[in-house]
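Asker: In full-length UniProt numbering, the protein residues as written are 1 to 222.
As structure tokens, this is what we get:
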């Protein structure tokens with residue numbers, strides 16, 4: 001009789017733990033509002049919302065059984081949030097996913113996409129891109145990586161520069177170090193040809209190598 005009662009409890013628990021709440025994949029700023037509504041609903045249905053928002057926290061003095069149940073809920077909350085991220089965002093938040101911290105993961109997503117901050121972030125990121133230049137003595141790949149990280153932030157917000165504009169920016173902001181490359185910009189404009197990020201990257205790296213080959217032994221000139 002007792003065993004039957006336990007089975008019924010497990011059955012009820014199983015039904016509660018598997019609600020039919022579908023959360024759309026979060027892939028960028030355009031999806032955020034709907035995602036935010038549905039992820040909150042799903043976490044509330046599964047009684048995990050208070051854990052994620054830290055309305056309740058684990059008491060260090062509680063029993064080992066309670067700690068074990070808390071750990072199970074903690075991992076379940078992580079699985080719900082992680083499963084709602086698109087592939088690109090899963091890569092972006094890889095560290096937080098691996099650390100299995102649903103509170104930190106949710107807070108980071110909120111900080112990135114919270115309504116009202118998207119436009120401001122977009123403007124600030126583009127402003128940072130337009131003042132970032134290749135400095136004398138700086139490695140070209142360091143400069144390019146910094147610009148591409150800002151572009152990735154814009155992609156996440158749904159406002160990236162197109163490939164041609166990004167390529168022009170990369171080349172233009174390297175002209176103080178490599179002024180002769182201005183012919184690349186002029187040539188592209190004269191021929192109505194769009195620049196490509198991959199080709200600009202290759203040209204800048206090749207130009208850096210040329211300068212380094214001219215440098216005295218043991219020296220690097222950029």
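Glycine included, each C-beta is placed from N, C-alpha and C at the ideal position.
#1: Report yes or no: do three or more beta-carbon pairs, one from the segment 69-81 and one from the segment 119-137, lie closer than 8 angstroms?
#2: So, is residue 151 buried or exposed, given that buried needs 16 or more other C-beta atoms within 10 angstroms?
#3: Measure the C-alpha to C-alpha separation of residue 227 and residue 172 and round it to an integer number of angstroms.
#4: Between 194, 186, 71, which has its C-alpha nearest residue 62's C-alpha?
#5: So residue 135 is in the alpha helix (DSSP H); what residue range does that whole segment cover?
#6: Return helix, strand or coil for residue 175, following the three-state DSSP convention.
#7: List the endpoints of the continuous alpha helix (DSSP H) containing residue 83.
#8: Helix, strand or coil, according to DSSP, for residue 58 in the structure here?
#9: Applying the criterion that 16 or more other CB atoms from any shown protein chain within 10 Å of the CB defines a buried residue, is residue 129 buried or exposed?
#10: Less than 9 angstroms between the beta carbons of residue 174 and residue 134, yes or no?
#11: Which partner residues does residue 195 have in the DSSP bridge list?
#12: What does the Cβ neighbour count give for residue 141, buried or exposed, with the cut at 16 atoms within 10 Å?
#13: Decide yes or no for the touch test of the segment 53-61 against the segment 81-88: beta carbon pairs closer than 8 angstroms, at least 3 of them.
#14: With C-beta atoms as the reference, is residue 161 less than 9 angstroms away from residue 169?
#15: In chain order, what residues of the same chain lie with their CB nearer than 6 angstroms to the CB of residue 200, ignoring the 5 residues before and after it?
#16: Could you tell me which of 186, 40, 178 sits nearest to residue 203, measuring between CA atoms?
#17: I need the DSSP call for residue 51, collapsed to helix, strand or coil.
#18: Please classify residue 156: is it buried, with 16 or more other beta-carbons within 10 angstroms of its beta-carbon, or exposed?
#19: Compare the Cα-Cα distances from residue 149 to each of 164, 137, 126 and report the closest residue.
#20: Mind checking whether residue 51 and residue 98 have CB atoms under 9 angstroms apart?
#21: Out of 184, 47, 96, state which residue places its alpha-carbon closest to the alpha-carbon of residue 69.
#22: Is residue 26 helix, strand or coil when you go by DSSP?
Answerer: By the coordinates alone:
#1: no
#2: By 1-based counting over the chain shown, the position of residue 151 is 151. It counts as buried.
#3: It is not possible to answer for residue 227, since the shown part of the chain is limited to 1 through 222.
#4: Taking the first residue of the chain shown as position 1, residue 62 is located at position 62. It is 71 whose Cα lies nearest to the Cα of residue 62.
#5: In the chain shown, counting from the first residue as 1, residue 135 sits at position 135. Counting along the chain, residue 135 falls outside any alpha helix (DSSP H), and DSSP gives it neither H nor E.
#6: By 1-based counting over the chain shown, the position of residue 175 is 175. Coil, per DSSP.
#7: Numbered from its first residue, the chain shown carries residue 83 at position 83. Looking at the DSSP string, the run of the alpha helix (DSSP H) that includes residue 83 is 64-83.
#8: As a working note, residue 58 is residue 58 in the chain shown. Correct three-state label for residue 58: coil.
#9: Position 129 of the chain shown, counted from the start, is the residue given in the question as residue 129. Result: buried.
#10: The sequence position of residue 174 within the chain shown is 174, counting from 1. The sequence position of residue 134 within the chain shown is 134, counting from 1. In this structure, residue 134 lies closer than 9 angstroms to residue 174 by Cβ.
#11: Taking the chain shown and counting its residues from 1, the one referred to as residue 195 is at position 195. The partner list for residue 195 (beta bridge, DSSP) is empty, contrary to what the question assumes.
#12: Translated into the one-based positions of the chain shown, residue 141 becomes position 141. Residue 141 should be labelled exposed.
#13: no
#14: Counted from its first residue, the chain shown places residue 161 at position 161. Counted from its first residue, the chain shown places residue 169 at position 169. The answer is yes: Cβ separation under 9 angstroms.
#15: Locating residue 200 in the chain shown gives position 200, where the first residue counts as 1. Same-chain partners within the cutoff: 167, 170, 171.
#16: Reading the chain shown from its first residue, position 203 is the one you call residue 203. If we check each option's Cα against that of residue 203, 178 comes out closest.
#17: Position 51 of the chain shown holds residue 51. Residue 51: helix per DSSP, three-state reduction.
#18: Here residue 156 corresponds to residue number 156 of the chain shown, with the count starting at 1. With 16 or more other Cβ atoms within 10 Å, it is buried.
#19: For the purposes of this step, residue 149 is taken as the residue at position 149 of the chain shown. Of the candidates 164, 137, 126, the one whose C-alpha sits nearest the C-alpha of residue 149 is 126.
#20: Start at 1 with the first residue of the chain shown, and residue 51 comes out as number 51. Start at 1 with the first residue of the chain shown, and residue 98 comes out as number 98. The answer is no: Cβ separation not under 9 angstroms.
#21: The count along the chain shown starts at 1 and reaches residue 69 at position 69. Ranking the options by Cα distance to residue 69, first place goes to 47.
#22: One-based indexing of the chain shown puts residue 26 at position 26. It is a strand residue.
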